[in-house]
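Chains as they are written, first to last, in the working numbering: chain A, 119 to 425; chain S, 119 to 425.
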């Protein structure tokens, strides 16, 4: 298979990603004052493109940022970046991360009026995960680092402040796990470092509700839709750290992981429980339903493909 | 007075700040995965240089980062940057911000082993504040955005995740104030957007203790020392949002603000109280004690001046 070059667009200047630079005075660098989205393509079709843009607008509203670019302008820049990468010509699928920072200004937490936002688009290969994360499952640990609460830094701000999540995954890694599950201050499960989490508890498919701070994942939303279409009930509820001891299945969901079964779940006290290798019966059904949902999306959106 | 040029050092490459760039794949940009310190010089002598380095090491430890540079290496790079700026030759004092990021790696929250940290040093003029902030005082508002809690993102991590503070100051600004006071989840005063806060309550000089998440400010520590030397008692206690209604004086403290009197304090419900213009009697004493403390520091450190 031919390779393409990871390519980045900084305010219209397109270069190999290894050469892409931003000013040190950009607020995205100084303060993490930025928002972003990540999507991937399937057969050249960007999955949930409109939904990503709507969530991006929501992140912008949550930090009082005027994006400074229309959706059409963004689309045009993404298209140009993918073309420059060679991926389109090679018919390779891509991972796209688009970022808008509050731009460059004096060193001052209060954004100065007249500061222009900066648009950064990174196009690269779709990440591949260790195959064992699917054939057996990923190992997760409940960590001591709590997820940022909504009243301080809402996890629905998909932005440049990911140190909370970095600390969570570092702690999980130090304990031998692949990823973390983070609790809120009330000991409720929120999410993994950058994916949502589902459990099967008492035979029911559940995922944390918004009462416990977590991102409204687009894959999570798609899972709800996909399951509903197939008659499998899924719901958003409060899930205490204690409740997961009674879970029979567990999986993570995100744009790039899709449905990734959890094999081992270690509690904060070190107590571990194992779930079926490669995912239990409901996890496997969700995987099949999600695949079908994506296939249907691709059929519906083929004509609308941007690339 | 002659001007000098704001100058930045990125891993040894020194340029005017307007030309300084970092790779988009730097974790400092992607995740705010970085730490920093800011100090200023007085008569060419960096104030509390050793104390800043110790706090920097503490920030590094809190995010499990190996700085990758010794203090001597940092000092040498700072010296070269100040020299290149022309400030040393012009005998101008400077503001210095040094940042270490976890470096460049693949897009993955978990830092990859072998990632090298990046050192960025920004040298610029010492910021000047609106003179009214001293002659009358600064206006602050208690905002709805809560300070990040210690168990999620400890405010003692002086790092690249300042969106919580940006949201706080934006909210204050929208309400017509110059800065915010942030509460924790238990309605205790923590700090302003990037300075500590002191009150005079029942005639006593107090500042929030570490039980309410806030940065261990070096100016705050110096104020304690300076007051102690002059027989003025200052203490760190829990201060509820309700308690500040009974305050008779209030001021902010930071390396660049020094002791900045608060003129108006607006509660979340809009109730405002005013403090004496230019600071009340205790604030003025603290200003004098702090100035004397800095003078003594400069006398002691003159021979050790690095620049």
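Yeah, the Cβ is synthetic: ideal placement off N, Cα and C, and Gly gets one too.
Where residue 160 of chain A is concerned, the enclosing beta strand (DSSP E) starts and stops at 152-160.
For residue 237 of chain S, the enclosing beta strand (DSSP E) has its first and last residue at 236-243. Each residue's CA atom was taken as its position, placing residue 175 of chain S and residue 185 of chain S some 8 Å apart. Residue 322 of chain A carries a strand assignment under DSSP once its states are collapsed to helix, strand and coil. Listed along the chain, the chain S residues whose CB falls inside 7 Å of the CB of residue 265 of chain A are 270. Between the region 368-381 of chain S and the region 298-314 of chain S there are three or more inter-stretch CB-CB distances shorter than 8 Å, so the stretches are counted as touching. Residue contact check for residue 349 of chain A against chain S: no CB pair falls below 7 Å. At least one CB atom of chain A sits nearer than 7 Å to the CB of residue 141 of chain S. Counting of Cβ neighbours within 10 angstroms places residue 286 of chain A among the buried residues, the total reaching 16 or more. Where residue 224 of chain S is concerned, there is no enclosing beta strand (DSSP E), because DSSP gives it neither an H nor an E.
Per DSSP, reduced to three states, the secondary structure at residue 286 of chain A is helical. Residue environment for residue 390 of chain S: exposed (fewer than 16 other C-beta atoms within 10 angstroms of its C-beta). By the Cβ-count criterion, residue 177 of chain S is buried, with 16 or more other Cβ atoms from all chains shown falling within 10 Å of its own Cβ. Taking a 10 Å sphere around the C-beta of residue 124 of chain A, we find 16 or more other C-beta atoms and assign the residue as buried. Counting along the chain, no alpha helix (DSSP H) covers residue 362 of chain S, and no H or E run does either. Assigned with DSSP and collapsed to three states, residue 201 of chain A falls in helix. Straight-line spacing of the CA atoms in residue 378 of chain S and residue 133 of chain A works out to 46 Å.
Neighbours of residue 181 of chain A in chain S, taken as residues whose beta carbon is under 7 Å from its own, are 281, 285 in chain order. Counting other Cβ atoms within 10 Å of its Cβ, residue 230 of chain A stays below 16 and is therefore classed as exposed.
The way I'd put it, the region 350-358 of chain S doesn't touch the region 223-242 of chain S; fewer than three beta-carbon pairs between them come closer than 8 Å. Nearest C-alpha to residue 127 of chain S among A:136, A:137, A:142: A:142. Per the DSSP secondary-structure output, residue 298 of chain S pairs in a beta bridge with S:259.
Against chain S, a Cβ distance below 9 Å from residue 149 of chain A picks out 150, 278, 279, 280, 281, 283, 284. By alpha-carbon distance to residue 410 of chain S, the top candidate from S:368, S:345, S:400, S:303 is S:345. DSSP places residue 390 of chain S within a strand segment (E or B) once states are collapsed to three.
Just measuring C-alpha positions, the residue of S:342, S:416, S:216 sitting nearest residue 192 of chain S is S:216.
For chain S, the residues of the region 226-240 of chain A that bring a beta carbon within less than 9 Å of one of its beta carbons are 226, 227, 228, 229, 238, 240, in chain order. With a threshold of 7 Å between beta carbons, residue 311 of chain A makes contact with chain S. Residue 279 of chain S sits away from residue 388 of chain A, with the two beta carbons spaced by 7 Å or more.
Excluding its 5 nearest sequence neighbours in each direction, residue 169 of chain A has C-beta neighbours in its own chain below 8 Å: 336, 339, listed in chain order. Counting along the chain, residue 176 of chain S sits inside the alpha helix (DSSP H) bounded by residues 167-180.
Residue 165 of chain A and residue 173 of chain A do not touch by the CB rule: their CB atoms are close to 13 Å apart, not below 8 Å. Beta bridge pairing from DSSP links residue 143 of chain S with no other residue. Taking CB atoms only, residue 291 of chain S has a neighbour in chain A less than 7 Å away. Closest in C-alpha terms to residue 135 of chain S, from the list S:203, S:182, S:148, S:283, comes S:203.
Residue 354 of chain A: member of the beta strand (DSSP E) spanning 352-355, first to last residue.
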